[in-house]
Structure formats: C-alpha cells, structure tokens
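Q: Here it is, the structure, as structure tokens.
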Amino acid sequence: TIAHGIEWHFNPPYSSHRGGVWEREIRSIRRVLSAVSREQVLTDESLSTFLTDVERILNNRPIVPVYDDPVLTPSHLLLLRVQIELPGNMVNIRDRYTRCWRQGQVLADTFWRRWL
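For the sequence shown, the numbering used here gives the first residue as 2, with consecutive numbering after it.
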C-alpha cells in the first residue's frame with residue numbers, strides 16, 4: 002500500500018459513532034432485511050440463497066455518483082477486479098424450479114426493490 006500512496010485510517014475500538022456513514026447503511030440494510038423476511042419460514046438453503054443474493058446486491062452498488070467513468074463498487078475493492086455477473090438463466094434448470102431457490106430469489110428481488 003505504501004508503493005501506491007494509500008494510507009489507512011482505522012476507528013478506535015467501540016467507537017461506532019465515528020463511522021456514521023456505514024452505521025447508517027447497516028441500519029437501512031437491517032430495516033429492509035427484517036421487512037422482507039418477516040413472517041417467512043426459511044430453510045437453511047433458501048436463507049443461504051437469499052443472503053448470498055443480498056450480498057451480491059450490496060457489493061455491486063456504486064460507491065460514488067455514476068458519471069461517464071466506470072462505476073466503482075465494493076466488489077472492485079474486495080476482489081481487485083470487476084465482478085462478472087452471470088445471468089439468472091445460467092442456473093441449472095432442475096435447480097431453478099426448486100422451492101428453496103424460488104423463495105430465495107423472491108426475497109432477493111423484494112430486497113432489491115426496497116433497497117432502491
């Protein structure tokens with residue numbers, strides 16, 4: 002990181018009040034997650050599918066306003082490359098129609114609509 006001129010600044014432990022931007026982000030994510038998953042009975046598989054899709058949605062959101070430049074997302078910073086998204090129809094047809102997969106997809110779609 003020194004070679005690239007990057008300097009890290011860390012918050013002191015137990016000082017969540019110093020990270021207002023991401024604390025607010027976490028609060029809004031928790032609000033949407035609880036509203037979407039309320040009264041849903043999720044199996045381990047459907048919960049895993051749902052949370053994986055939520056993770057993808059959150060990590061592919063733009064960090065900065067979108068201009069003509071390529072969009073910078075958390076995925077770029079985590080993976081150090083552009084994340085290639087596979088279209089939804091690339092899933093095995095047999096797996097596509099299972100109840101768990103569909104339930105996870107419905108919840109993820111609902112999360113996406115509410116998150117916007």
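Where is the CB? At the ideal position from N, CA and C, for every residue including glycine.
Exposed or buried, what is Leu108 when buried is set at 16 or more other beta-carbons lying within 10 Å of its beta-carbon?
A: Within the sequence shown, residue 108 is the residue found at index 107, counting from 1. Buried, by the Cβ-count rule.
Q: Rounded to whole angstroms, what's the CA-CA distance from Asp110 to Val42? Just pull it up for me.
A: Stepping through the sequence shown from its first residue, residue 110 is reached at position 109. Stepping through the sequence shown from its first residue, residue 42 is reached at position 41. Rounded to the nearest angstrom, the two C-alpha atoms are 17 Å apart.
Q: Please report how far the alpha carbon of Pro74 lies from the alpha carbon of Arg62, in whole angstroms.
A: Against the sequence shown, residue 74 aligns to sequence position 73. Against the sequence shown, residue 62 aligns to sequence position 61. With the sequence shown as reference, residue 74 is identified as Thr, and Pro is not the correct amino acid for it. Approximately 6 Å between the Cα atoms of the pair.
Q: DSSP state of Trp116, grouped into three classes?
A: Your numbering for residue 116 matches position 115 in the sequence shown. Trp116: helix per DSSP, three-state reduction.
Q: Going by other Cβ atoms of all chains shown within 10 Å of its Cβ, with 16 needed for buried, is Val65 buried or exposed?
A: Indexing the sequence shown from 1 puts residue 65 at position 64. Exposed, since its Cβ has fewer than 16 Cβ neighbours within 10 Å.
Q: Count the other CB atoms within 10 Å of the CB of Phe11; is the residue buried (16 or more) or exposed (fewer)?
A: Along the sequence shown, one-based indexing puts residue 11 at 10. Exposed is the call here.
Q: What does a CB cutoff of less than 6 Å around Asp54 pick up in its chain, not counting 5 residues either side in sequence?
A: By 1-based counting over the sequence shown, the position of residue 54 is 53. Taken in chain order, the residues that qualify are Ala109.
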